[in-house]
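Numbering (this note's numbering), first residue to last: 351 to 600.
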């Protein structure tokens, strides 16, 4: 086989003593991989040479200056300077804190709690209880003010709160009597009836309230309750509430 069909191997340094001496490089016909250079469009081939060899330092500088990568080299440089720095992470939104119903006796001395809701044939009806949790008599008169709040505990729902059962049902206990003062001794309670229909049509999305903020009387703070099952108004958009009525002491 002709030596011209092979490329010379890299030079070898021989005769190492206390003083570096360059020996004579014996020719070799071992194949050498091609060097792909970014500086040139053509392929460079090392030719068989005699005499002093190109120093390894100069060869390294040549390869570094040309940006050449020898086949089988060390990757794409993704682990270079700055590559390992972690990306900045933006903080997520702060969760909204939901105000839950309280079990403490408010400053007014009267606490609001939900009673059982009766659901039948699309008609919902139930009561809200007002208990004197204080040490003095408590008097209330009229209708409680109701504010419906969505699942997030913040959004108030735009609905109509009415004091009769028109467009809800023909008649319902608690709505027939006019408002009158109700005095509660400590431990006694009054109640107000609430009613609505869970019917839907194509007029809009259904409205569901998870919470109800109840203001027992003008000037008092709202108290949050969570009726069992929520207030599912469908698309009716209306809720009826009766005046406060004393429980029958007999």
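Glycine included, C-beta positions come from ideal geometry on N, C-alpha and C.
A quick note: this is a predicted structure, and the numbers were derived from the prediction, not measured.
Whether residue i touches residue j by CB criterion (8 Å)
i	j	result
residue 496	residue 562	yes
residue 473	residue 540	no
residue 568	residue 476	no
residue 564	residue 575	yes
residue 587	residue 467	no
residue 484	residue 455	yes
Given residue i as reference, the closest of the options once Cα atoms are compared
i	options	result
residue 502	576, 538, 560	560
residue 486	594, 498, 459, 511	459
residue 589	514, 526, 489, 527	514
residue 498	593, 570, 546	546
residue 572	558, 462, 453	462
residue 608	517, 452, 532	Lying before the first or after the last residue shown, residue 608 is absent from the chain, which here runs from 351 to 600.
residue 597	518, 457, 454, 482	482
residue 511	544, 548, 471, 566	544
residue 518	471, 528, 530	471
residue 570	548, 457, 453	457
Residue(s) in a DSSP beta bridge with residue i
i	result
residue 544	476, 591
residue 516	Bridge partners of residue 516: none, in fact.
residue 489	533
residue 470	473
residue 482	460
residue 527	None; residue 527 has no bridge partner.
residue 506	499
residue 582	558
residue 686	Examination of residue 686 is not possible in this model, given that the chain is present from 351 through 600 alone.
residue 596	540
residue 549	584
Integer Cβ distance of residue i from residue j, believed to fall under 8 Å
i	j	result
residue 478	residue 464	6 Å
residue 524	residue 595	6 Å
residue 488	residue 534	5 Å
| said: Measuring CB atoms only, is the segment 547–554 touching the segment 484–500, in the sense that at least three cross pairs come out at less than 8 Å? | reply: Too few Cβ pairs lie closer than 8 Å, so no.
| query | Does the segment 577–593 touch the segment 500–516, meaning 3 or more C-beta pairs lie closer than 8 Å? | reply | Counting Cβ pairs under 8 Å, three or more are found: they touch.
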